[in-house]
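Single-structure report; data block below.
2 protein chains.
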Amino acid sequence: MAIYRKTHWTSEIKPELDGKEVTLSGWVWEIRDVGRIKFIMLRDREGMVQVTVKRSSVSDETWDTVSRLSKEDVVSVRGIVRASKVAKTGVEVEPIEVRLLNKANPLPIDIWGNVDETMLDLRLRYRTVDLKRRSNVILFKALSEVVKAMRTTLYGYGFIEVFTPKIIATSTEGGAELFPVQYFERTAYLAQSPQLYKEELTASLERVFEIGPAYRAEKHDTTYHVNEFISVDAEAAFMNYRDVMSVLEDVIVESYRASVDLLSQIGREVRVPSKPFKVITYDDALSMLDKEGIKVKWGDDVPKEGLEALSRLIGEPFFIIHFPTMLRAFYTKPIEGDESRSESFDLVIDGMEVTSGSTRIHDKDELEKAMRARGLNPGNFSTHLEIYSWGMPPHAGWGLGLYRLMMVMAGVRNIREVILFPRDRYRLVP
Amino acid sequence: MAIYRKTHWTSEIKPELDGKEVTLSGWVWEIRDVGRIKFIMLRDREGMVQVTVKRSSVSDETWDTVSRLSKEDVVSVRGIVRASKVAKTGVEVEPIEVRLLNKANPLPIDIWGNVDETMLDLRLRYRTVDLKRRSNVILFKALSEVVKAMRTTLYGYGFIEVFTPKIIATSTEGGAELFPVQYFERTAYLAQSPQLYKEELTASLERVFEIGPAYRAEKHDTTYHVNEFISVDAEAAFMNYRDVMSVLEDVIVESYRASVDLLSQIGREVRVPSKPFKVITYDDALSMLDKEGIKVKWGDDVPKEGLEALSRLIGEPFFIIHFPTMLRAFYTKPIEGDESRSESFDLVIDGMEVTSGSTRIHDKDELEKAMRARGLNPGNFSTHLEIYSWGMPPHAGWGLGLYRLMMVMAGVRNIREVILFPRDRYRLVP
Chain A
0 MAIYRKTHWT SEIKPELDGK EVTLSGWVWE IRDVGRIKFI MLRDREGMVQ
50 VTVKRSSVSD ETWDTVSRLS KEDVVSVRGI VRASKVAKTG VEVEPIEVRL
100 LNKANPLPID IWGNVDETML DLRLRYRTVD LKRRSNVILF KALSEVVKAM
150 RTTLYGYGFI EVFTPKIIAT STEGGAELFP VQYFERTAYL AQSPQLYKEE
200 LTASLERVFE IGPAYRAEKH DTTYHVNEFI SVDAEAAFMN YRDVMSVLED
250 VIVESYRASV DLLSQIGREV RVPSKPFKVI TYDDALSMLD KEGIKVKWGD
300 DVPKEGLEAL SRLIGEPFFI IHFPTMLRAF YTKPIEGDES RSESFDLVID
350 GMEVTSGSTR IHDKDELEKA MRARGLNPGN FSTHLEIYSW GMPPHAGWGL
400 GLYRLMMVMA GVRNIREVIL FPRDRYRLVP
Chain B
0 MAIYRKTHWT SEIKPELDGK EVTLSGWVWE IRDVGRIKFI MLRDREGMVQ
50 VTVKRSSVSD ETWDTVSRLS KEDVVSVRGI VRASKVAKTG VEVEPIEVRL
100 LNKANPLPID IWGNVDETML DLRLRYRTVD LKRRSNVILF KALSEVVKAM
150 RTTLYGYGFI EVFTPKIIAT STEGGAELFP VQYFERTAYL AQSPQLYKEE
200 LTASLERVFE IGPAYRAEKH DTTYHVNEFI SVDAEAAFMN YRDVMSVLED
250 VIVESYRASV DLLSQIGREV RVPSKPFKVI TYDDALSMLD KEGIKVKWGD
300 DVPKEGLEAL SRLIGEPFFI IHFPTMLRAF YTKPIEGDES RSESFDLVID
350 GMEVTSGSTR IHDKDELEKA MRARGLNPGN FSTHLEIYSW GMPPHAGWGL
400 GLYRLMMVMA GVRNIREVIL FPRDRYRLVP
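If you're matching them up, the sequences are chains A and B in order.
For reference, each letter of the first sequence is one residue, going 0 to 429 in numbering that gives the first Met the number 0.
For reference, each letter of the second sequence is one residue, going 0 to 429 in numbering that gives the first Met the number 0.
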């Protein structure tokens, strides 16, 4: 075992441990010197604890080590926990030994003050340092909790986790622009989503989900687009759009639940939304927007400002359903008897489209027709289409932008804040 | 709610439900006709149940539908559960209504017999159909259970799940060949592993893991290499190689536990290995192999046949530790006082290298020296190296090939069997 392996996180050091020997490892947050006593505030991922070093009770070597410490040095402290009336947390650690594990130079950016949104570019340039900031540590702990909650919810509905290829032969889905990959002698592409694969898997595994990277080669320059993102995809046989909307509601509610405490630690108070979410049709949305002076032509997408206006009016997460069929991808099932509209939905939170989904077409002829209606050549989809002859079940599903959800939950203005190392039009490093 | 939404999986239909109305949806496995009674064996992901259709108790429409059914048709059955002494599972369903949801043509490959390994190419060509095979459904359920168990184990050790970019600017790690990506005006690459990112994250999140795709553009043509695979990566601050080996042991044991029941359903009896795993040094391995007539020069990698021989001798999962330093990547920490050997390990199961790991160098000067010793130019790593000046903790970690582990657990001969849609030198479709 490493001598610096911690026995406890700093947050676990409580007065109840009085008298116990512990090993803590972390970073020097602050060091104060009052002559023959020095106070080290030792930080790790989970919190902070005071280490009280008395000249009289440590070796010359440890005293010497402590005397030369400065901010962000990496140290390991072996010592005895002491309940204390003086220390802020009611507890301190009296070291037996303090080891300097790595000396730190002054940091290139501030990590002690509040997040400065205007300094985002600089912070991303030094992202590894920026991530030491307490609010970032908590944000990314929350993100981990959110995906954990999503999976638990989906397992509960009988979904199986799958991994589909991210290198694909052709631009099968149509629509988005793709990044080309040199795959040995051929040109391949990075998948924009696992859409066709997850649909195909409903024919065997019935209910599948995937949480993995997706790529769009679009030249966006907004606060809510990036070129590599994490897509949460679910697809289920023998369900329609209403059924998967209901699954999605639980996924969203559990995501909020999983992050509400952590986010409150960084001053973000979120309210867990209650089910069922409000549902409006696309036609409703257009009427509501019309009254707000925002004109959207039937058949056009609701623009960002329209989504924002609707969120202001509705005040909580809501679904827009029944989009014009031709506004959606070819695999979207039209409503029977009202074919110009579709069994589709978007989930909107705080003016942000977080999820899109629908019942999918499972009939081969209909699917071919839908491709042709969009100017796509069914011949390019032959290995996908053939599958519909061998027992394709009715199915439905959705794709959720993980970072978009995190962005609205955390209330940050730029999606890059919730991505460890974002990839955008101009950013490929670090 | 969709009319075909199932209330139960077929496996949930037990005699205790006698008299209850249920909706089941799935595929026709078999249909037998004894005049005025027809028996449908209805299959879904979880199992199979007998549907007994009596001419006298169904509508003309349902009788007509059932009369025209053939294998693999997609159907939905609403009916009453009846405990039955005659039916194999002690239970059957008497339908009120049977709907044909999608007609199936004869399948292009056999899914009823045992897996034919020699037909792998053909089976992969029709992978969506091949996945309907019961053994495949169970295999991929097991894979989902395995990643679930891995995450649960890692959460238990305080690891946070992270997502790092798969598009990277340069071939930072050295070694493996990379796939180039056209990233707008620049050439970027697909990441061969999250190695440098996960190391960087130990400076803030301390313990991180990632389960995501990784890419090697190597022209392998073996049964245990593919060009896109799922890498399970863990990295922890304030741990050394021994500490992360211990975490890994738990991850492996829990992976076996999670899949043992499922695998036994497809005739694969696995024994959950017990901790601690056997540990031999690289030098031990060479002596053992020498006695077996397999000569490996000190400093060379142990060849596949050597790993297989060692597995035969040892008979259970084992670690090889202390590899020659120069055999490992630049970030591998040499042993203090025996610098030609390193604090490194491989986990070998059934002759397969499943995991590699090590203590990493956390000192900037040492890291630069290690790069130079391997002919790498530290200037190409400047944004990675600079981080080591700002409080880089000692750390260690490993990378595990998910499909390799699944391959040895499931006892399949070709890694492609455990991948939904494998990507290799010649395979980019489906």
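Even glycine gets a Cβ: it sits at the ideal position worked out from N, Cα and C.
Thinking residue i and residue j are a contact (beta carbons under 8 Å), I'd like their distance in whole angstroms, please.
i              : j              : result
Q443 (chain A) : E116 (chain A) : Since the first and last residues shown for chain A are 0 and 429, residue 443 (chain A) lies out of range.
V225 (chain A) : R415 (chain A) : 7 Å
L138 (chain B) : I334 (chain B) : The Cβ separation is near 40 Å, so there is no contact.
S442 (chain B) : W397 (chain B) : There is no way to answer for residue 442 (chain B), as the model of chain B reaches only from 0 to 429.
A53 (chain B)  : I36 (chain B)  : Before going further, note that residue 53 (chain B) is Lys rather than Ala in the sequence given. That belief holds up - the Cβ atoms of K53 (chain B) and I36 (chain B) are roughly 5 Å apart, short of 8 Å.
I159 (chain A) : S339 (chain B) : Between S339 (chain B) and I159 (chain A) the Cβ distance is about 47 Å, and since that is not below 8 Å, they are no contact.
G25 (chain B)  : L41 (chain B)  : 5 Å
F329 (chain B) : F276 (chain B) : That belief does not hold up - the Cβ atoms of F329 (chain B) and F276 (chain B) are roughly 27 Å apart, past 8 Å.
I434 (chain B) : E227 (chain A) : In the structure displayed, chain B extends from 0 to 429; residue 434 (chain B) sits before or after that span and is not available.
H394 (chain B) : E248 (chain B) : That belief does not hold up - the Cβ atoms of H394 (chain B) and E248 (chain B) are roughly 19 Å apart, past 8 Å.
Is residue i close to chain A, meaning its C-beta is less than 7 Å from at least one C-beta of that chain?
i              : result
F178 (chain B) : yes
Q181 (chain B) : yes
M0 (chain B)   : yes
G400 (chain B) : no
D242 (chain B) : yes
T127 (chain B) : yes
A202 (chain B) : yes
Y281 (chain B) : no
M118 (chain B) : no
A190 (chain B) : no
L106 (chain B) : yes
E205 (chain B) : yes
G390 (chain B) : yes
I386 (chain B) : yes
I334 (chain B) : no
Indicate the three-state DSSP secondary structure (helix, strand or coil) for residue i in the structure shown.
i              : result
V80 (chain B)  : strand
Q191 (chain A) : coil
E335 (chain A) : coil
L401 (chain A) : helix
A148 (chain A) : helix
T88 (chain B)  : coil
N135 (chain A) : helix
T73 (chain A)  : Note that residue 73 (chain A) corresponds to Val in the displayed sequence, not to Thr. In this structure, V73 (chain A) counts as strand in the three-state DSSP scheme.
L262 (chain A) : helix
Y425 (chain A) : coil
A233 (chain B) : strand
I167 (chain B) : strand
I108 (chain B) : coil
M287 (chain B) : helix
H321 (chain A) : coil
K197 (chain B) : helix
R327 (chain B) : coil
V353 (chain B) : strand
Measure from the C-beta of residue i to each C-beta in chain B and report whether the shortest distance is under 7 Å.
i              : result
S66 (chain A)  : no
T382 (chain A) : yes
A103 (chain A) : yes
N239 (chain A) : yes
Y3 (chain A)   : yes
L130 (chain A) : yes
Strictly by DSSP, which residues pair up with residue i?
i              : result
T51 (chain A)  : A:F38
N376 (chain A) : None, per the DSSP bridge assignment.
I30 (chain A)  : A:I39
I159 (chain A) : A:V207
P179 (chain A) : A:Y188
G25 (chain A)  : A:V74
Looking at the ligand SAM, does it come within less than 6 Å of residue i, judged from the CB to the closest heavy atom?
i              : result
F158 (chain B) : By its list of ligands, the structure shown contains no ligand whatsoever, and the ligand SAM lies outside what it can speak to.
query = Is there contact here, the segment 370 to 377 of chain B with the segment 211 to 225 of chain B, by at least three beta-carbon pairs under 8 Å?
reply = no
task = Count the CB pairs spanning the segment 293 to 312 of chain B and the segment 260 to 277 of chain B that are closer than 8 Å, and state whether there are at least three.
result = no
key: contact_flag[the segment 247 to 260 of chain B, the segment 55 to 66 of chain A] where n(CB pairs < 8 Å) is 3 or more   = no
At least 3 beta-carbon pairs within less than 8 Å: the segment 384 to 401 of chain A vs the segment 230 to 249 of chain A = Counting Cβ pairs under 8 Å, three or more are found: they touch.
inquiry  = Three or more C-beta pairs under 8 Å: does that hold for the segment 98 to 105 of chain A against the segment 119 to 138 of chain B?
reply    = no
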